[in-house]
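> If you're matching positions, the sequence shown starts at 5 in our numbering and goes up one per residue. Next up is a structure, given as structure tokens.
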Amino acid sequence: MVVGLHTKGIYPWDDFEELLFAEISASSCEAAPAGSPEYYYQWVEAFTRLLAKKEILSDIEMAERTIQFKIGARREMY
């Protein structure tokens with residue numbers, strides 16, 4: 005989704021990259037389960053912040069879509 009939305013011109017790649025670097029340098033990924041690679045959770049956190057920053061999705065829409073993906077009700081690809 006990150007690459008797909010960038011390819012569609014929704015945001016410049018540098019915008020995502022900046023947020024990802026900030027997440028990595030902060031190195032505090034509370035969402036990552038113990039023993040799992042934090043990088044993937046940092047990637048998701050950076051993407052989530054980008055969606056909010058660019059007002060692509062509201063907090064409510066993000067919460068709804070997160071639930072939809074978790075239960076398998078939403079499967080489209082970008």
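We put the CB at the ideal spot given by N, CA and C, even for glycine. None of the values given here were measured: they were computed from a predicted structure.
Under the assumption that Leu54 contacts Phe20 (Cβ atoms under 8 Å), give the Cβ distance between them as a whole number of angstroms.
About 5 Å; that satisfies the 8 Å criterion.
> CB Glu22 to CB Glu49, shorter than 7 Å?
No, the Cβ-Cβ distance between Glu22 and Glu49 is not below 7 Å.
> How should Gln72 be labelled, buried or exposed, when 16 other C-beta atoms within 10 angstroms of its C-beta is the threshold for buried?
It is exposed - the Cβ of Gln72 has fewer than 16 other Cβ atoms within 10 Å.
> Could you compute how far the alpha carbon of Pro41 sits from the alpha carbon of Ile14?
Taking the straight line joining both Cα atoms gives about 28 Å.
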